[in-house]
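Worksheet for the structure shown next.
Residue numbers (this note's numbering): 584 to 944.
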């Protein structure tokens, strides 16, 4: 506000100085015009003077007019200058007012910033107080926690001491018979563990044997299938040889083919009846050979060849039966061993359960 008043005072002084200068110029011009008028008034009174005086007066009047013109020009220039200065003063005054307004605005903003700064400082002080309070509370909590931990450790140590003391007292009053029994049970437990380990090893061996027996059974089944195929091939060869070698009537051929088909079916159905089927086949062939004595005499060589072929087939069938029955016997023996081992394992498990049940208090 003081600066605004100073700016207003300076502007008023400038305006008053300019008005004084303009007033002095106007007073000079008025004074000069008055002198000129007095000279004009005095000129009629001196008309009677000499022409020299009149010429001088005319020259003076021209000088005066020239001076008046120059003065008027100077006056107009001064007035223009004054108006320009007044405009400049007005502009300066406006700028000063704007500067004063900006200054006042800046002062207001500064006051607002000061108030905000004070508020933030108060908040910071409050936060510092709160932080100090929380720090103290945290230290107190840490102290209490440390104290509680120490008390808990002391309580645990006391409980351990009491437990050790009670254990020593109990061990002092324990019956020696019970301790001996406990030692015997521990020994029995170790022996059972060793036995269990040995049984586990034996079980592994048995599993290996079982795998081998299954492999043997698979190979035996494959051999059995191969033998069946061989028998079928031999039977087909026998029929072919009979058809080529001997010219027996259609009835005889029909019976022999039926017997051979029955024999093949019996071989594929069961292995135990193969020998009986061969015997039946020989009996049928003998019957058929006996039913026609005349033809037997005629085809004796062919029948002899067929008999030799049948004996060869019989020997081969016996060999195949032995080859088939051997792996089957091995499979049966391995299966019996597996069942026996399963029974032993079950008994051992029952024994372990009984021992565990006896050890329970």
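Think of the CB as a built atom: it goes at the ideal place given N, C-alpha and C, for glycine as much as any other residue.
query: Hey, residue 789 and residue 924: beta-carbon distance below 7 Å or not?
result: yes
task: Report the residue ranges of all beta strand (DSSP E) runs contained in full by the stretch 645 to 694; include only those spanning at least 3 residues, in chain order.
output: none
Residues of its chain near residue 932, where Cβ-Cβ distance is below 6 Å and the 5 sequence neighbours each way are ignored: none
- prompt: I think residue 935 touches residue 775, with their Cβ atoms under 8 Å apart; what is that distance to the nearest whole Å?
  reply: 7 Å
Sequence-distant residues of the same chain with beta carbon closer than 8 Å to residue 805, five excluded per side: none
- request: Please classify residue 821: is it buried, with 16 or more other beta-carbons within 10 angstroms of its beta-carbon, or exposed?
  value: buried
task: Please report how far the alpha carbon of residue 707 lies from the alpha carbon of residue 670, in whole angstroms.
output: 54 Å
- request: Just the C-alpha distance for residue 812 and residue 819, rounded to the nearest angstrom, thanks.
  value: 11 Å
message: Taking the beta carbon of residue 678 as the centre, do at least 16 other beta carbons fall within 10 Å, making it buried, or is it exposed?
response: exposed
message: Counting C-beta neighbours from all protein chains within 10 Å, is the total for residue 814 16 or more, i.e. buried, or is it exposed?
response: buried
- request: Would you kindly work out how many angstroms separate the C-alpha atoms of residue 714 and residue 734, rounded to a whole number?
  value: 30 Å
- request: Out of 920, 661, 652, point me to the one whose CA is closest to residue 795's CA.
  value: 920
- prompt: Would you report the Cα separation of residue 730 and residue 700, rounded to the nearest angstrom?
  reply: 44 Å
- request: Pull up the distance between the alpha-carbon of residue 765 and that of residue 742, whole angstroms please.
  value: 27 Å
message: Using only the alpha-carbon positions, how far apart do residue 779 and residue 922 sit?
response: 19 Å
message: What does the alpha-carbon distance come out to for the pair residue 827 and residue 817?
response: 15 Å
query: Roughly how many angstroms separate the alpha carbons of residue 767 and residue 787, rounded to a whole number?
result: 30 Å
query: Expressed to the nearest angstrom, what Euclidean distance is found between the alpha-carbon atoms of residue 653 and residue 673?
result: 30 Å
- request: Please decide whether residue 772 counts as near chain B, where near means a Cβ-Cβ distance under 7 Å.
  value: Absent from the structure is chain B; it holds one protein chain and no more.
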